[in-house]
Structure formats: C-alpha cells, structure tokens
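In my numbering, the protein residues as written are 12 to 480.
Here you go:
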C-alpha cells in the first residue's frame with residue numbers, strides 16, 4: 012500500500028483485499044459522497060450525572076437506551092434533567108437523525124433513529140451524535156441509509172477505543188461514504204421502508220394481542236372470573252381474614268388484597284397445592300465467576316436472562332460451566348419436561364416461567380431458577396407453565412414475594428403452598444395444546460414480519476447500489 016493512498020487511517024485491517032473491495036463497492040452507490048458534504052450541523056449530547064435525574068424536572072433526556080429498532084425513539088421512557096443541561100447543540104428537533112456512537116449500540120439494530128414527532132424540550136446524552144442534514148437530503152432517507160449493512164460495516168471498521176470502550180468519533184462520521192441519491196429515489200426508498208415497517212408493526216401488534224389473550228382463554232376454560240377492580244378507597248384497602256386461615260401462610264395487606272384465591276375457590280374447577288402435584292420443587296445452584304468458562308465449550312447454566320418476555324428460552328447471553336459437573340452434580344442436571352420458575356428477580360418479573368422441551372442438550376440452572384418436576388398422572392407440565400405465567404402477569408407473585416437488596420423472591424416452601432386449579436388431565440392437555448397453537452401462530456406472524464422487512468431492506472440496499480431498475 013502506497014503511503015499516499017492511506018487517507019489518514021493506517022490500521023492494516025483497512026487495507027485488506029476484502030475491505031478494499033468493499034470500499035470500491037461503496038463508491039458505486041447512487042450519489043456516493045462523504046458524509047461531511049451532506050451534514051449541515053452535528054454535535055454530541057450532554058453528560059449530566061446519574062444522580063441528577065428526577066421525573067419532576069423540565070427537560071427530556073434521551074439516551075441510547077431509548078433508541079429503538081426501525082429508527083424509532085421511546086421518549087416516554089426517558090429520564091428528566093434540569094434546565095442547566097438544556098444545551099442548544101444537544102437539543103433534538105423534528106428532522107434530526109440520531110446515531111449511537113459508544114459501546115455495543117454502535118452498528119446494532121437500534122443504532123439509528125430519526126425524530127419525526129415534536130419532542131418538546133429534549134436533549135441527547137454524550138453517547139449519541141445528533142445530525143441535521145442539508146436540505147437536499149430527506150432525513151428519513153438518511154436514517155434508512157445509515158441503518159443499512161453498507162453503512163454499519165463502515166462504522167465498525169473505523170471504531171476507536173476510548174478508555175476500553177468502542178467509540179465512533181466525529182471525524183469518522185464525516186468520512187463515511189454516504190449515498191446522496193436524487194430526491195425522487197430518496198422518496199421512493201422512504202415509501203418502501205415505511206410500508207414495510209408499518210406491516211411489521213401491525214404483525215407484531217397482532218402477535219402481541221394473541222399472547223395477551225392466552226390468560227383470558229385459560230381463566231375462561233377454568234371457569235375463573237376475576238372480580239372487578241374495587242374503587243381505590245381507604246375502606247377497600249382494609250382486609251379481613253380469619254385467624255385460622257393465616258396459620259403457615261401470609262399476614263400482609265398486599266397478599267390479602269388480591270382476589271384471585273377467592274375466584275379460584277368459587278370456580279367449579281378443583282384445586283390443589285402445587286407441592287401435592289409434584290415429585291420435586293428444587294432450586295438450581297449458584298455459580299460464581301470462578302466456576303464460569305470463558306468460551307462456549309461447556310454446559311449452559313440457565314438464568315433469568317435466558318427467559319424472554321414471551322416466556323421462551325433464548326440463548327443470546329449464556330453462562331457456561333464445565334462439562335465435568337454433569338457427572339459431579341447429576342441431580343442438578345435439568346430434565347426435559349421440567350417447568351422452570353424464575354424465583355428471584357425484580358418484583359414485577361418474579362414468577363416468569365418456561366417449559367423445557369429441548370431434547371439432547373444438557374442444562375444446569377442457577378439458584379434464581381426453581382425446577383419443578385410434575386407428577387404426570389395429575390398435572391400436565393405445559394398446563395402448569397401457562398398457569399404460573401398467568402399468575403405472574405396477574406401479579407400473584409408480586410404480592411407473594413419477599414423483598415431484599417433491590418430484589419424480590421418466592422422460596423420453595425411458598426411455591427409448594429400455591430393453589431393450582433386442577434381440571435382432569437384430558438382438559439389440561441387440551442388447554443396446553445391450544446395455548447401452544449396460539450404461541451406458535453404468534454411466533455409465525457413475527458417471523459414472517461421479520462422476513463418481509465429484511466426483503467424490503469435488501470431491496471433498498473440494491474437500489475442504493477444501483478443494482479435494480
């Protein structure tokens with residue numbers, strides 16, 4: 012490589028044959044130019060200290076955390092800061108494009124956003140670069156272009172380390188090769204993107220509605236009718252209970268104000284304590300850093316982070332333990348068909364539950380997961396999973412759990428005492444099967460939406476490269 016061709020960057024990786032080929036491809040984009048030629052103004056945000064947030068303060072403070080997939084921001088989740096941090100350079104306005112420039116958010120699926128609605132008095136933090144483009148560039152088009160693999164790969168190639176954290180500096184942003192397509196092409200690309208994302212959001216909303224309907228279906232099948240929420244008065248916040256009902260159970264207002272137990276007792280479906288329907292209810296084990304492997308050549312220890320919002324197992328953030336433990340801790344190996352209950356989490360999330368239906372792969376569980384092995388002639392494990400998840404969403408465990416050190420938990424003894432509606436096994440199996448169908452259809456809708464959005468994005472990239480008519 013001749014010194015005169017280095018263009019100010021001397022990292023060897025930038026001059027490998029594959030990168031040079033990629034660079035040539037970039038310059039074939041429609042209207043290819045440096046970003047500096049199309050940016051009117053750009054600036055990083057402000058860095059107020061973490062203890063300065065207060066919901067009563069006047070200024071909305073947008074962080075990379077509030078940048079969402081598909082170019083959106085979630086202003087409703089933002090912290091609020093004092094007016095002293097209302098720096099004009101950090102203020103966001105309609106038409107601004109935001110680019111995450113620090114850490115793992117760089118070049119991720121939520122690294123770019125565009126402000127399309129009035130944000131009020133709002134500023135960004137220092138992990139975001141705010142861009143106002145020149146009038147020849149549609150800001151929505153610019154955001155769509157920046158969200159393509161063509162632009163994200165450029166970002167990753169140019170990262171610099173700042174105190175051990177990846178950083179996208181202003182010089183690199185200005186040097187990105189950008190497709191300044193003609194206005195009519197920009198508008199066409201924006202319309203393609205908006206149609207695709209609208210269909211994506213509609214499919215996800217339909218799927219979300221299907222997931223949310225599971226609890227209503229379950230309660231209806233069990234003949235359980237929840238009483239209406241009482242008016243929030245002092246009288247309604249006072250509970251009464253017979254002393255004989257309290258032995259070995261709970262004596263606190265939050266628990267006794269919850270009416271599900273009465274609804275279960277009034278239903279025609281018989282019920283039993285969970286412990287009477289299980290071979291075992293046991294927690295996993297703690298595994299600190301000294302037990303964890305630094306690669307993925309081990310056994311996954313399932314943790315609350317492995318259970319997603321849809322109560323499915325996910326494996327994007329795993330902890331691995333030595334395979335030798337499979338023989339040293341045989342009793343701790345999770346069995347297919349177990350129900351896995353998250354016993355410790357934030358108060359809102361305690362009780363999220365998943366059914367393990369993965370064959371041929373061993374797992375362990377952390378001490379924040381309780382393993383439940385049902386007596387199969389009495390209780391269907393998938394049915395129990397649905398019941399426990401309904402309880403969690405109905406805030407049963409919110410009212411049952413004990414709190415300590417910013418965490419909450421439900422212990423094994425309390426879980427064994429939990430009343431569970433027990434219809435006959437045929438009905439349990441039918442309920443579990445129907446819920447499985449609902450979940451599968453909701454996941455199919457989401458996957459189809461993901462596929463169609465990716466097709467639209469590939470079409471847009473082809474248009475930027477002038478590879479389609």
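Note that CB positions come from ideal geometry on N, CA and C, so glycine has one too.
- One Cα belongs to residue 197, the other to residue 311, and the distance between them is close to 46 Å.
- Per DSSP, the unbroken beta strand (DSSP E) holding residue 282 starts and ends at 282–284.
- Separation of the CB atoms of residue 409 and residue 383 is rounded to 20 Å, and the pair is thereby denied contact status at 8 Å.
- An exposed status is given to residue 231, since fewer than 16 other beta-carbon atoms sit within 10 Å of its beta-carbon.
- Three or more Cβ pairs closer than 8 Å define a contact, and the stretch 62–77 falls short of that threshold against the stretch 203–211.
- In this structure, residue 84 places its C-beta atom within 8 Å of the C-beta atom of residue 126.
- Between the stretch 323–343 and the stretch 291–309, the count of Cβ pairs shorter than 8 Å is three or higher; the stretches touch.
- Here the stretch 98–108 makes no contact with the stretch 166–185; the two share fewer than three CB pairs at distances below 8 Å.
- For a cut-off of 8 Å, the C-beta gap from residue 156 to residue 475 is around 7 Å, short enough to register as a contact.
- The Cβ atoms of residue 99 and residue 233 do not sit closer than 8 Å to each other.
- With the rule of 3 Cβ pairs closer than 8 Å, the stretch 38–49 does not count as touching the stretch 87–103.
- Excluding the 5 residues flanking it on each side, residue 129 has same chain C-beta neighbours closer than 7 Å at 105, in chain order.
- Here the C-alpha atom of residue 32 lies approximately 41 Å from the C-alpha atom of residue 216.
- Within the same chain, and ignoring the five residues on either side of residue 282 in sequence, the residues whose Cβ sits closer than 8 Å to its Cβ are 275, 276, 430, 431, 432, 433.
- Judged by beta-carbon spacing, residue 378 lies within the 8 Å limit of residue 297, meaning their Cβ atoms are closer than that value.
- Using a 10 angstroms sphere on the CB of residue 28, the tally of other CB atoms stays under 16, which defines it as exposed.
- A Cβ-Cβ separation of about 40 Å leaves residue 448 out of contact with residue 161 under the 8 Å criterion.
- For residue 117, no alpha helix (DSSP H) run applies, since DSSP gives it neither H nor E.
- For residue 204, the enclosing alpha helix (DSSP H) starts and ends at 194–233.
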